[in-house]
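Heads up, the thing below is written out as structure tokens.
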Amino acid sequence: MSLTLNQYIEEIISLKKERDAIILAHNYQLPEVQDVADFIGDSLALSRKAEKTNAKNIIFCGVHFMAETASIICPDKDVFIPDINAGCSLASSINCSELINWKKDHPDAIVVSYVNTSAEVKALSDYCCTSSNAVKVVNSISPDNEILFLPDMFLGSYVSEITKRKNMFIWPGECHVHAGIRADDINKMMKDYRNAEFLVHPECSCTSSTMYHMSKGDLLNEGHILSTEGMMERAKNSSKTDFIVATETGILYRMQKENPTKNFIPIKKDAICQYMKKITIDKVYNSLVNNVYKVRVPKATADKARYAIERMLSIG
Ligand code: 13P
Ligand code: SF4
17 MSLTLNQYIE EIISLKKERD AIILAHNYQL PEVQDVADFI GDSLALSRKA EKTNAKNIIF
77 CGVHFMAETA SIICPDKDVF IPDINAGCSL ASSINCSELI NWKKDHPDAI VVSYVNTSAE
137 VKALSDYCCT SSNAVKVVNS ISPDNEILFL PDMFLGSYVS EITKRKNMFI WPGECHVHAG
197 IRADDINKMM KDYRNAEFLV HPECSCTSST MYHMSKGDLL NEGHILSTEG MMERAKNSSK
257 TDFIVATETG ILYRMQKENP TKNFIPIKKD AICQYMKKIT IDKVYNSLVN NVYKVRVPKA
317 TADKARYAIE RMLSIG
């Protein structure tokens, strides 16, 4: 059945009540998907919301590893993802056998996995982390322990720079969207927008050069390296009116909506995650009507992965 956008929205609102369902949406989701969501946030905020909700069913509008994380945290709830093919290039950059082999070279190391990993990889990890708490998680580990940080090399270099950790080994993975946001993009924007504040996601390949510019005072206005929710908070609390946003462009819809008097300029208009955009309003509707696609993580894997996730949640 094909409906108009308004009809989809009305149906989804009534189906949510009928099915005792909550819709969680990541900051990169399409505008109309954000509009039907009960809660929008970054990976950490979505995990926390999943943990706290009383709803029986969670419709997770984001990519697969995020829905898997919600399902691991909430084994008594049913978690659905509207498109089972909503993957993540970064999560695909390391698999279990690669991690097992890496661990053989560093048998005593503590494994810190970014949340953008499969449940199986999390199950082999000591700690999970997100872009908003990676520094805190690494700082909570004794400086005497070697750390294997995976899979994002740009986030990893940022964390090692901030924590000044010398014994941290970083997996050479990347997100194709953020790797495409380069030092040249920052340099050009710095010339074109001298009064803007820069909000940069730590998965970007320009993270190191942004830190360099920040340390040299080249960014006339402030630069901030933040998770997507950190960017939202900064956009709200900053006294500046112009912001250059270096991340996936989906976040601009919410930023503009919540801050109508400010200007948000994407650093790269084509920084679009095709996986996030697989979740469309008709698929959200279909998910509620037909109970698809249920996210299933084998219990043994979920139990081990939950340990790494809960250790992260207890740190912050
Ligand atoms: P955040 O946790 O900052 O929202 O990042 C998730 C992500 O996939 C970024 O590409
Ligand atoms: Fe994965 Fe990159 Fe898409 Fe985020 S933007 S979900 S890291 S592919």
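Going by the numbering used here, the first residue of the sequence shown is number 17, and it counts up by one from there.
Beta carbons: idealized from backbone N, C-alpha and C, even for Gly.
Residue environment, residue i, which counts as buried when at least 16 other CB atoms sit within 10 Å
| i | result |
| --- | --- |
| Lys285 | exposed |
| Asn73 | buried |
| Leu21 | exposed |
| Glu264 | buried |
| Ser231 | exposed |
| Asp201 | buried |
| Asn101 | exposed |
| Cys104 | buried |
| Ser123 | Here the sequence assigns Pro to residue 123, which means Ser is not the residue at that position. Exposed. |
| Ala321 | buried |
| Glu84 | buried |
Host alpha helix (DSSP H) of residue i (start-end)
| i | result |
| --- | --- |
| Val12 | Missing from the structure shown is residue 12; the chain here goes from 17 to 332 and no further. |
| Tyr24 | Leu21 to Glu34 |
Through-space distance from residue j to residue i, alpha-carbon basis
| i | j | result |
| --- | --- | --- |
| Trp187 | Ser147 | 16 Å |
| Val311 | Arg64 | 18 Å |
| Glu34 | Lys182 | 54 Å |
| Val151 | Lys119 | 22 Å |
| Gly266 | Leu46 | 6 Å |
| Met153 | Glu190 | According to the sequence provided, residue 153 is Val. The question's Met does not apply to it. Distance between the alpha carbons of Val153 and Glu190 is about 20 Å. |
| Asp258 | Glu238 | 11 Å |
| Asn203 | Pro314 | 47 Å |
| Ile75 | Ser176 | 35 Å |
| Lys68 | Ile241 | 28 Å |
| Val171 | Cys220 | The sequence as given places Leu at residue 171; Val does not occur at that position. C-alpha separation (whole angstroms): 8 Å. |
| Val52 | Pro276 | 20 Å |
| Glu27 | Val95 | 20 Å |
| Asn149 | Phe81 | 17 Å |
C-beta contact flag for residue i and residue j at 8 Å
| i | j | result |
| --- | --- | --- |
| Cys77 | Leu40 | yes |
| Pro98 | Ile288 | no |
| Met292 | Tyr130 | no |
| Val49 | Val300 | yes |
| Leu106 | Asp168 | yes |
| Leu304 | Ala37 | yes |
| Ala318 | Ile260 | no |
Residue i CB to nearest heavy atom of ligand 1 below 7 Å
| i | result |
| --- | --- |
| Thr85 | no |
| Asp58 | yes |
| His194 | yes |
| Asn43 | yes |
| Thr265 | no |
| Thr146 | yes |
Opening and closing residue of the beta strand (DSSP E) in which residue i lies
| i | result |
| --- | --- |
| Val95 | Asp94 to Phe96 |
| Asp258 | Asp258 to Ala262 |
| Glu213 | Glu213 to Val216 |
Residue i Cβ short of 7 Å to ligand 2 heavy atom set
| i | result |
| --- | --- |
| His80 | no |
| Glu346 | No answer is possible for residue 346: it lies beyond the span of the chain, which begins at 17 and ends at 332. |
| Cys222 | no |
| Leu40 | no |
| Tyr174 | no |
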